[in-house]
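Notes follow once the structure below has been shown.
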């Protein structure tokens with residue numbers, strides 16, 4: 230099996246700390262080229278790698294290079310659509326960092342481009358889609374009778390040392406919801422991966438930290454397409470407090486509590502019973518070992534798909550990523566309209 234040659238465009242913190250190590254260790258990929266609009270930064274990035282031998286002068290050079298099989302794009306999201314258009318023009322597969330785009334209009338265009346160009350792979354790098362907890366939670370849901378509601382909660386203290394918040398495109402976000410879409414789509418990948426797509430949402434959002442650029446906390450009530458009702462609470466902009474992350478799912482014959490707070494063993498607590506006076510009760514603790522918190526798994530899945538032509542394991546499609554951004558868009562619109570329920574836009 231020959232390795233696929235990868236050009237990394239955008240050589241910032243996440244490219245250095247996450248993507249380059251994952252691509253380097255993968256049996257599927259050979260990161261061999263890079264580009265940054267500040268060439269000296271690309272040259273410094275290339276110097277950290279034993280495999281990168283080409284540093285491009287211009288962005289389009291990466292797409293024109295005949296030896297490149299995959300463009301790994303880590304750009305401010307408002308430039309994702311332009312990168313996709315270049316990929317189609319030059320017949321290159323492309324991986325985009327989440328969120329899929331800055332606006333729903335851009336995201337919809339990426340989806341349509343993907344549908345109209347089936348010979349080009351457009352992969353959204355949303356690694357939360359590949360969490361081990363998702364199939365385990367879905368299996369647990371099948372054991373608690375008819376499912377009616379959920380509570381998704383992820384809040385924490387503001388991190389003044391967060392190196393990612395210092396990037397210019399995050400400090401002055403052009404992407405809808407700013408922090409709420411940049412980090413929130415992670416949470417929504419987990420939520421919707423388990424309970425399915427959201428149909429309507431009523432939300433209130435506020436901004437606590439100037440560094441966030443726009444609103445950075447969200448409290449909302451949602452209904453899924455399948456009829457579940459639940460709450461989605463998200464924000465890490467508060468003062469001193471513990472980081473609390475949990476996901477509860479309630480049925481008429483049991484319940485699920487998933488605690489994924491940092492520093493704790495990630496555990497699914499499953500309780501069965503209560504459907505009738507005669508129903509037997511039981512409980513089970515399911516520990517999740519080595520959750521897929523790095524980007525390694527998503528690149529292994531992408532690599533396997535590109536080599537085999539079988540994309541059945543690819544979850545983070547443009548359509549899925551569009552839905553995550555559409556939920557944030559509906560939350561922002563709802564909040565601006567006094568919390569009025571808003572439909573989540575579909576394609």
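In my numbering, the protein residues as written are 230 to 576.
In this text, a Cβ means the ideal position worked out from N, Cα and C, and glycines have one as well.
The alpha helix (DSSP H) spanning residue i covers which residue range?
| i | result |
| --- | --- |
| residue 291 | 288–293 |
| residue 368 | 362–370 |
Short check: CB of residue i to CB of residue j, under 8 Å?
| i | j | result |
| --- | --- | --- |
| residue 424 | residue 453 | yes |
| residue 581 | residue 233 | The question about residue 581 has no answer here: the residues shown for the chain are numbered 230 through 576. |
| residue 174 | residue 407 | In this structure the chain extends from 230 to 576, so residue 174 is not present and cannot be described. |
| residue 235 | residue 290 | no |
| residue 281 | residue 369 | no |
| residue 358 | residue 557 | no |
| residue 490 | residue 387 | no |
| residue 263 | residue 251 | no |
| residue 255 | residue 528 | yes |
| residue 274 | residue 265 | yes |
| residue 517 | residue 499 | no |
| residue 338 | residue 310 | yes |
Out of curiosity, what's the CA-to-CA distance linking residue i and residue j?
| i | j | result |
| --- | --- | --- |
| residue 399 | residue 393 | 8 Å |
| residue 330 | residue 378 | 30 Å |
| residue 373 | residue 458 | 16 Å |
| residue 409 | residue 288 | 29 Å |
| residue 328 | residue 545 | 11 Å |
| residue 253 | residue 530 | 15 Å |
| residue 333 | residue 419 | 20 Å |
| residue 396 | residue 306 | 12 Å |
| residue 382 | residue 428 | 19 Å |
| residue 351 | residue 547 | 7 Å |
| residue 354 | residue 575 | 21 Å |
| residue 412 | residue 564 | 18 Å |
| residue 375 | residue 571 | 26 Å |
| residue 285 | residue 269 | 11 Å |
| residue 363 | residue 521 | 11 Å |
Terminal residues of the continuous beta strand (DSSP E) containing residue i?
| i | result |
| --- | --- |
| residue 475 | 473–480 |
| residue 428 | 427–435 |
| residue 378 | 376–386 |
| residue 411 | Premise fails: residue 411 lies in the alpha helix (DSSP H), 408–411, not in any beta strand (DSSP E). |
| residue 465 | 458–467 |
| residue 485 | 483–488 |
| residue 352 | 351–354 |
| residue 405 | Segment: none, residue 405 is in no beta strand (DSSP E) and carries neither H nor E. |
| residue 446 | 446–453 |
| residue 373 | From DSSP, residue 373 is part of no beta strand (DSSP E); its letter is neither H nor E. |
| residue 244 | Here residue 244 belongs to no beta strand (DSSP E), and DSSP marks it neither H nor E. |
| residue 234 | 233–238 |
Pull up the CB-CB distance for residue i and residue j, whole angstroms please, since I reckon it's below 8 Å.
| i | j | result |
| --- | --- | --- |
| residue 502 | residue 511 | 7 Å |
| residue 317 | residue 349 | 6 Å |
| residue 568 | residue 432 | 7 Å |
| residue 385 | residue 470 | 7 Å |
| residue 449 | residue 560 | 6 Å |
Taking Cβ positions only, does residue i come closer than 8 Å to chain D?
| i | result |
| --- | --- |
| residue 373 | You won't find chain D in this structure, because it holds only one protein chain. |
(message) Report the start-end ranges of each beta strand (DSSP E) in the stretch 283–344 that is 3 residues or longer and not cut off at the edges.
(response) 299–302, 322–326
(message) Please give me, in chain order, every unbroken run of the beta strand (DSSP E) with length at least 3 that falls completely inside the stretch 502–569.
(response) 511–516
(request) Please list the segments of the beta strand (DSSP E) lying wholly inside the stretch 255–287, counting only runs of 3 or more residues, in order along the chain. (result) 258–264
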